[in-house]
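Under the UniProt record's numbering, the first residue of the sequence shown carries the number 1, and numbering increases by one thereafter.
Glycine included, each C-beta is placed from N, C-alpha and C at the ideal position.
These notes are about the structure you will find just below.
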Amino acid sequence: MQAKFPSESFTILTDLVLPSETNPLNNLFGGELLARMDRAASISARRHSRRITVTASVNHVAFNKSIPLGSVVTVEAKVSRSFRTSMEIFIDVWVEDRESGNRTKANEAIYTFVAVDETGHPVEVPAIDPQTDEEKSRFDAALRRKQLSLVLAGKMKPSDATELKALFL
Ligand SMILES: CC(C)(COP(=O)(O)OP(=O)(O)OC[C@H]1O[C@@H](n2cnc3c(N)ncnc32)[C@H](O)[C@@H]1OP(=O)(O)O)[C@@H](O)C(=O)NCCC(=O)NCCS
Numbered sequence: 001m002q003a004k005f006p007s008e009s010f011t012i013l014t015d016l017v018l019p020s021e022t023n024p025l026n027n028l029f030g031g032e033l034l035a036r037m038d039r040a041a042s043i044s045a046r047r048h049s050r051r052i053t054v055t056a057s058v059n060h061v062a063f064n065k066s067i068p069l070g071s072v073v074t075v076e077a078k079v080s081r082s083f084r085t086s087m088e089i090f091i092d093v094w095v096e097d098r099e100s101g102n103r104t105k106a107n108e109a110i111y112t113f114v115a116v117d118e119t120g121h122p123v124e125v126p127a128i129d130p131q132t133d134e135e136k137s138r139f140d141a142a143l144r145r146k147q148l149s150l151v152l153a154g155k156m157k158p159s160d161a162t163e164l165k166a167l168f169l
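Take a look at the structure:
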């Protein structure tokens, strides 16, 4: 299988914040943002693998800034690293200022998707070849994040998480 560039999975999802999607403070409800990020990440994983993809885990979410009613929100997703059957998707969330049009980073998240066949069994995905400095740094850290996610899920022994342990030595 030929390796792909992260840019080939780049996905942009832009939408408004409507009243039915807000909390009592008139800011975007966290679950709505999670759903938007999941949708963008799913498209990104599909573009990389050209397979059915399922969410295996949400590795990290930072709700750094609230997003007010009426905002234009852009969710950008890109595969940061692929492994055998799984892909890490990095998601950046931007809010656009109504008057200036300037974008401010509001949140970010990291999801893991797995490519599966029609019966739900994991299948191999193409390798990835990072190009930019940001893509390379996200690629380098992805193995540690995978190990942490597997340890927390009880699917890997901490003693086997070699790259993760190296962070603390
Ligand atoms: C995700 C799923 C396909 C994994 O199946 P599995 O039997 O655990 O398969 P495997 O053990 O072979 O794991 C497949 C890959 O997922 C990775 N993986 C599994 N759980 C993970 C987790 N919590 N964090 C990170 N990666 C994970 C494995 O490391 C493996 O990656 P690799 O092949 O690239 O090395 C299966 O658990 C599933 O179908 N879950 C439900 C998915 C779903 O419905 N999502 C929507 C939620 S509503």
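Query                                                                                                               : Result
Entirely enclosed alpha helix (DSSP H) segments - the UniProt domain "HotDog ACOT-type" (7-119), minimum 4 residues : 30-49
Residue 131 to residue 24 span [Cα, whole Å]                                                                        : 43 Å
Residue 139: first and last residue of the uninterrupted alpha helix (DSSP H) it sits in                            : 133-152
Assigned secondary structure, residue 155 (DSSP; H/G/I helix, E/B strand, else coil)                                : coil
Beta-carbon proximity check, residue 85 vs residue 122, cutoff 7 Å                                                  : yes
Contact test: residue 158 Cβ vs ligand 1 heavy atom, cutoff 6 Å                                                     : no
Sufficient close CB pairs (3 or more, under 8 Å) joining the region 17-35 to the region 151-163                     : no
beta-carbon residue 86 near ligand 1 non-hydrogen atom, thresh 6 Å                                                  : yes
Residue 68 burial status per 10 Å Cβ neighbour count (16 or more: buried)                                           : exposed
Residue 88, buried or exposed, once every other Cβ within 10 Å from all chains shown has been counted against 16    : buried
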